[in-house]
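Chemist: Here it is, the structure in full.
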Amino acid sequence: MTSLTSQSAVKQAKCIVIKIGSSLLVNATGALNQDWLASVAADIVALHTAGKKIVIVSSGAIALGRDVLGYNKRPFRLEEAQASAAVGQIRLAQAYQSIFDSHNTAIAQILLTLDDMENRPRYLNARNTIDALLDKGAVPVINENDTVATSEIRFGDNDRLATRVAQMVGADALILLSDIDGLYTADPRTNDTAKLITCVENITPEIETMAGPPSIQGVGCGGMITKIGAAKIALAGGCSMVITNGQAANPLARLQAGEASTLFAATSTPLDVRRSWIRGMMAPKGSLYIDDGAVDALKTGASLLAAGVTDVKGGFNRGDLVAFVATDGATVGQGLVSYDAADSAQIKGRRMRDAIEILGYVGRSALVHRNDLVML
Ligand code: GLU
């Protein structure tokens, strides 16, 4: 018997990604469920006040836009869905803004494609922007950039996008607000004996069978099978995932009060996963020679600053793996560097705050951030 619950996962989480599905946000006539969204915003502000960083992944653009354009025959052609998204996304952003304004909370719109997630410099830029927003207490509201995500849009579901976003920001919890309570042992609409599973620690083939076939019904795109796929990615990244029925008002407050849900419980943290990924990386593109003071600082979990670097070897770009070499020639650690080789050479031995003047641009506050390095 396990004591893990969705409530404890949410309580412990420092950074939470909340995915809001179209079927909750937009009613059958294509109108926004304004009161419901206001109740979600109140819940999010409460989580925020409790010190948590919150990222929203919101669907609803296509659902909000298609009636405006008079598209009413299913299935929609790709360009019809894209045109609908272009119209609906503005309305969606406006709805979020007016509701969060009343809480004096800044929201920020970010539209991403799968490509943005797979291209390293674009991924790093998106991550840094979101980090900066979260540091300032803003709430990023993310959707897929549907008008350009051509291959994605037909099958594109925000469950998967939300998982990738959770990974990118190092979230420790992902909540999928959906129109179902969670994962059942069988389809509850057709089987009276179906039971809700409250906690899943391992996604076994048996669990996958319970998810049944993919659903493309209703207003949104994701079915239970896509949610299980999302859970696999989340757990592998050290992020717990919760599925709950968000249809009633204040769904997050309800969840915290024990509303029915399924928790996919992560057994590691996003930082542990990131560090073991960096530990497993091979073939560094270059080396940073560091002094004894830097070695001591790194051992206590600090970032590597330019002041501790005595020499730079190799040709590496920003984001590449570099080795840390101590004064005795031993490799003591490795990490993903925030400056390329030429810039690293220019700022070595100097204070990070001098880097702006030396390089002529404002870069990262460390040569290698503490979350991007491991000692070997
Ligand atoms: N990105 C789509 C939209 O905003 C929704 C995708 C989904 O429902 O998962 O309309």
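Under our numbering, think of the first position of the sequence shown as 321, with each following residue one higher. Glycine is no exception: its CB is placed at the ideal position from the N, C-alpha and C atoms.
#1: Which word fits E464, buried or exposed, when buried means at least 16 other C-beta atoms lie within 10 angstroms of its C-beta?
#2: Leaving aside the five residues before and after K619 along the sequence, list all residues of the same chain whose C-beta is less than 8 Å from its C-beta, in chain order.
#3: Taking the straight line between their C-alpha atoms, what separation do you get for T369 and F420?
#4: Who are the Cβ neighbours of A531 in its own chain at under 6 Å, not counting the five residues just before and after it?
#5: Using the Cβ count rule (16 or more neighbours within 10 Å means buried), how would you classify A650?
#6: Less than 7 Å between the CB of N463 and some heavy atom of the ligand GLU, yes or no?
#7: Under the assumption that D501 contacts N445 (Cβ atoms under 8 Å), give the Cβ distance between them as a whole number of angstroms.
#8: How is L497 classed by DSSP in three states: helix, strand or coil?
#9: Within the present structure, is the beta-carbon of S498 separated from the nearest heavy atom of the ligand GLU by less than 7 Å?
#10: Compute the beta-carbon to beta-carbon distance between D492 and S560, rounded to the nearest angstrom, for a pair I have assumed lies under 8 Å.
#11: Start and end of the alpha helix (DSSP H) containing E526?
#12: Could you please give the first and the last residue of the uninterrupted beta strand (DSSP E) stretch that includes M695?
#13: Over the uninterrupted beta strand (DSSP E) stretch that includes L624, give me the two end residues.
#14: Figure out for me which residue from Q567, Q409, A586 has the closest Cα to the Cα of V461.
#15: With a threshold of 7 Å, establish whether the CB of D492 neighbours any heavy atom of the ligand GLU.
#16: For the alpha helix (DSSP H) containing M602, list its first residue and its last residue.
#17: Just checking S342 against the ligand GLU - is the residue's beta carbon closer than 7 Å to any of the ligand's heavy atoms?
#18: If I'm right that L575 touches V330 with Cβ under 8 Å, what's the distance once you round it to whole angstroms?
#19: Return helix, strand or coil for S359, following the three-state DSSP convention.
#20: If you compare alpha carbons, which of A626, T433, D640, S404 is closest to A675?
#21: Classify D663: buried if its beta carbon has 16 or more other beta carbons within 10 angstroms, exposed otherwise.
#22: Going by beta carbon distance, what residues of the same chain come within less than 6 Å of A426, once the five residues before and after it are set aside?
#23: So, is G578 buried or exposed, given that buried needs 16 or more other C-beta atoms within 10 angstroms?
#24: Less than 7 Å between the CB of G380 and some heavy atom of the ligand ZN, yes or no?
#25: According to DSSP, is Y391 helix, strand or coil?
#26: Quick one: what does DSSP say C541 is sitting in, helix, strand or coil?
#27: Indicate the three-state DSSP secondary structure (helix, strand or coil) for S378 in the structure shown.
Modeler: Working from what's here:
#1: By the 10 Å Cβ count, E464 comes out buried.
#2: Here the set comprises M695.
#3: 14 Å
#4: Hits under 6 Å: M544, I545, I548.
#5: exposed
#6: yes
#7: The pair is not a contact, with the Cβ atoms about 38 Å apart (cut-off 8 Å).
#8: strand
#9: no
#10: 7 Å
#11: For E526, the enclosing alpha helix (DSSP H) covers residues 525–531.
#12: 693–695
#13: Taken as a continuous stretch (DSSP letters only), L624 belongs to no beta strand (DSSP E), as it is neither H nor E.
#14: When each option's Cα is compared against that of V461, the closest is Q409.
#15: no
#16: From DSSP, M602 is part of no alpha helix (DSSP H); its letter is neither H nor E.
#17: yes
#18: About 7 Å separates the Cβ atoms of L575 and V330, confirming a contact at the 8 Å cut-off.
#19: helix
#20: It is A626 whose Cα lies nearest to the Cα of A675.
#21: buried
#22: A458
#23: Answer is exposed; the Cβ neighbour count stays below 16.
#24: Of the ligands one can find in the structure shown, namely the ligand GLU, none is the ligand ZN.
#25: coil
#26: Caution is warranted here: a pLDDT of 45 is assigned to C541, below 50, making its placement in the model unreliable, and the coordinate value is therefore given only provisionally. Reduced to three states, the DSSP call for C541 is coil.
#27: strand
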